[in-house]
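Residue numbers (our numbering): 1 to 98.
Note that the Cβ used here is the ideal one computed from N, Cα and C, for glycine as well.
All values reported here derive from a predicted model rather than from experimental measurement.
Laid out in structure tokens, this is it:
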């Protein structure tokens, strides 16, 4: 990212959140750490008619992580009382079951 864009983002954070320059730089650094793993970011749009419930979006985001085994995905979906997710997203695939 160019230094000009970085400075603009820091300035915007200072103006929007009434942050000091140090606070805005810290926020910028935290955001940069977050976007390093773009594959783990899920955007939830509040208020859109076609949007899912927030709990469903969180659950699906958790299930997308590659480090969760199929059995753990199933346990998580059932713990959240989402049999529909277990059926449609977990049990419908080509998972290897113990």
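Close beta carbons around residue 35, own chain, < 8 Å, minus the five adjacent residues each side
Within the same chain, Cβ atoms closer than 8 Å to the Cβ of residue 35 are found at 41, the five residues on either side in sequence being excluded.
Going by CA-CA distance only, name the one from 37, 71 and 82 that's closest to residue 58.
When only C-alpha atoms are compared, the closest one is 82.
Express the C-alpha separation of residue 43 and residue 2 in angstroms, rounding to a whole number.
Here the alpha carbons of residue 43 and residue 2 stand approximately 25 Å from one another.
Taking only the alpha-carbon atoms, compute the straight-line gap between residue 67 and residue 4 and give it to the nearest angstrom.
So the alpha carbons of these two residues sit roughly 37 Å apart.
Quick one: give me the first and last residue of the alpha helix (DSSP H) that residue 64 is part of.
That run of the alpha helix (DSSP H) goes 54 to 64.
Using the Cα positions of residue 20 and residue 31, report the straight-line distance between them to the nearest angstrom.
When rounded, the separation of the alpha-carbon atoms in residue 20 and residue 31 is 17 Å.
Would you give the residue range spanned by the alpha helix (DSSP H) that residue 27 belongs to?
Residue 27 -> alpha helix (DSSP H) spans 21 to 35.
When you compare only the Cα positions, how much space is there between residue 26 and residue 87?
Approximately 43 Å, taken between the alpha carbons.
As assigned by DSSP and simplified to three states, the class of residue 70:
Collapsing the DSSP output to three states places residue 70 in a helix.
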